[in-house]
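*Asks:* Here's a structure for you.
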Amino acid sequence: MKYELALVVKPLSNEEIKEKVVQKLEKTVKDLEGKLSKFNFLGKRLLSYSIKGNKEGFYIFSKLNMSPKNVAALDRYLSLNTDILRFLRVTEDSL
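To convert, take the position in the sequence shown, counting from 1, and add 6; that gives my numbering.
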C-alpha cells in the first residue's frame with residue numbers, strides 16, 4: 007500500500023539530518039519490507055508552539071510503499087525515535 011510520510015525533526019544541520027534520521031528511517035523501513043522514495047526536504051521552519059522544548063523543526067516529506075501489516079511497527083519506531091518531534095502517515099488513496 008502507498009503512503010505519504012511527513013516528519014518534523016529536531017532542528018539540526020542539513021547533513022546531520024540526512025545522515026542520522028533519514029538513514030535510520032530507510033534501514034527500519036527496509037527491515038519492515040518497505041521502500042521509501044521521493045524525499046522532499048523543506049528545511050527549518052518555526053513551529054506554532056514549542057514541542058519538547060524546540061521552537062523550530064526540520065520538515066521532511068517522503069513517499070512510502072509498505073504492507074499494511076508492518077505499518078504499526080513503523081509507527082512505533084517513529085514515536086520512540088527521540089530525534090523525531092512529530093510524524094504523520096496517510097494513505098495516498100485518502101488524498
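C-beta atoms are modelled at their ideal positions from N, C-alpha and C, and glycine is treated no differently.
All of these numbers come straight from a predicted model, not from anything done at the bench.
#1: Between F93 and L11, which are expected to be in contact by the criterion C-beta below 8 Å, what is the C-beta distance as a whole number of angstroms?
#2: Report the start-end ranges of each beta strand (DSSP E) in the segment 22 to 69 that is 3 residues or longer and not cut off at the edges.
#3: Name the DSSP bridge partner or partners of Y10?
#4: Figure out for me which residue from R82, G40 and V14 has the closest Cα to the Cα of I66.
#5: Ordered along the chain, which non-local residues of its own chain (more than five positions away) have a Cβ less than 6 Å from that of E32?
*Replies:* For this structure:
#1: Between F93 and L11 a beta carbon distance of about 7 Å is seen, short of the 8 Å cut, so the two are scored as contacting.
#2: Entirely contained in the segment 22 to 69, the beta strand (DSSP E) runs reaching 3 residues are, in chain order, 41 to 57.
#3: Checking the displayed sequence, the identity of residue 10 turns out to be Glu instead of Tyr. In DSSP, E10 forms a bridge with K69 and V96.
#4: Of R82, G40 and V14, the smallest CA-CA separation from I66 is found for V14.
#5: L42, listed in sequence order.
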